[in-house]
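Quick note on numbering: the numbering used here labels position 104 of the sequence shown as 104, and the sequence is numbered without any gaps.
All residues carry an ideal CB built from backbone N, CA and C; glycine is no exception.
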Amino acid sequence: MGESFRWRTMFYAASMHGFLLAFGMHFAVESPRWLCKVGRLDDAKVVIKNIWGEFEVEKTVEGFHSVMKNNGSDLDSTWLELLRRPHSQVAFIGGTLFLLQQFAGINGVLYFSSLTFQNVGITSGAQASLYVGVTNLAGALCASYLIDKQGRKKLLIGSYLGMTVSMFHIVYFVGFPLDEDLSQSLSIIGTLITFNKYHH
């Protein structure tokens, strides 16, 4: 009976994060830009003061008003605006990036990752998940640190280049005759790099 209830325990444990997030959102502040937009200027100033300090209040509010004035009100916006410039270019790029991610083969890597881990001697599913989780965490921390310093464009290009190299890495070391232990070890490295680059 213990085996049959393991999946329930897993879902119960995962649901706790959702409950904690929902509870924590009650204490989250509203976006100051949104508050300015809907006319709640005093509330926006309080939020800005608490987050960035009193000296940033007027400067930030002026910036919000300038952006809203240049962009115009989007209360009357429609989905058809995605087909017009400049929104059409942004929508096309975003959609293309999503399609490229799906066609990059990540689903195949995910599907066969357990077999790849087993081939290198990692028979424990928990241990394999731990390796993947640590890799994703390291990638997330690096991306969070670099995103404001290097910009999203450089990180995006680097991510796709990293995915390309790691995919060739996996195919080469799995498909070509090499020392078995070396081939398996290098293929697992390529798998972890693919996880890292795809998710970040």
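Which runs of the alpha helix (DSSP H) spanning at least 4 residues fall entirely within the region 7-81, listed in chain order?
Runs found: 32-37, 41-52, 57-71.
To the nearest angstrom, how far is it from the Cα of Val57 to the Cα of Ile51?
Within the sequence shown, residue 57 is the residue found at index 57, counting from 1. Within the sequence shown, residue 51 is the residue found at index 51, counting from 1. Each residue's Cα considered, the two are about 10 Å apart.
Determine whether the Cβ of Gly108 lies closer than 9 Å to any Cβ atom of chain D.
Within the model displayed, chain D is absent; a lone protein chain is all it includes.
Of all the options Ala128, Ala91, Phe19, which has the alpha carbon lying nearest to the alpha carbon of Phe112?
Against the sequence shown, residue 112 aligns to sequence position 112. Among Ala128, Ala91, Phe19, the Cα nearest to that of Phe112 is on Ala128.
How many angstroms separate the CA atom of Ala13 from the CA atom of Arg6?
Counted from its first residue, the sequence shown places residue 13 at position 13. Counted from its first residue, the sequence shown places residue 6 at position 6. Approximately 11 Å, taken between the alpha carbons.
Once the 5 residues before and after Leu35 are set aside, which same chain residues still bring their CB inside 7 Å of it?
Here the question's residue 35 lines up with position 35 in the sequence shown. Same-chain partners within the cutoff: Asp43, Ala44, Val47.
Determine the closest residue to Lys37 out of Ser15, Ala126, Met68, with distance taken between C-alpha atoms.
In the sequence shown, residue 37 corresponds to position 37, counting from 1. When each option's Cα is compared against that of Lys37, the closest is Met68.
Would you identify the three-state DSSP class for Thr123, choosing helix, strand or coil?
By one-based count along the sequence shown, residue 123 stands at place 123. The answer is coil: DSSP assigns Thr123 none of H, G, I, E or B.
Skipping 5 residues on each side, what residues in its chain have a beta carbon closer than 8 Å to that of Thr9?
Numbered from 1 along the sequence shown, position 9 holds the residue referred to as residue 9. No residues qualify anywhere along the chain.
When the distance is taken between beta carbons, is Ala143 closer than 9 Å to Leu155?
On the sequence shown, residue 155 is found 155 positions in, with the first residue counted as 1. On the sequence shown, residue 143 is found 143 positions in, with the first residue counted as 1. Their beta carbons are under 9 Å apart, which means Leu155 touches Ala143 by this criterion.
Which word fits Phe23, buried or exposed, when buried means at least 16 other C-beta atoms lie within 10 angstroms of its C-beta?
Locating residue 23 in the sequence shown gives position 23, where the first residue counts as 1. Phe23 should be labelled exposed.
Could you tell me if Phe168 is buried or exposed, where buried requires 16 or more neighbouring beta carbons within 10 angstroms of its beta carbon?
Walking along the sequence shown from the start, residue 168 turns up at place 168. It counts as exposed.
Pull up the CB-CB distance for Leu80 and Ala91, whole angstroms please, since I reckon it's below 8 Å.
On the sequence shown, position 80 is the one that residue 80 refers to. On the sequence shown, position 91 is the one that residue 91 refers to. The pair is not a contact, with the Cβ atoms about 11 Å apart (cut-off 8 Å).
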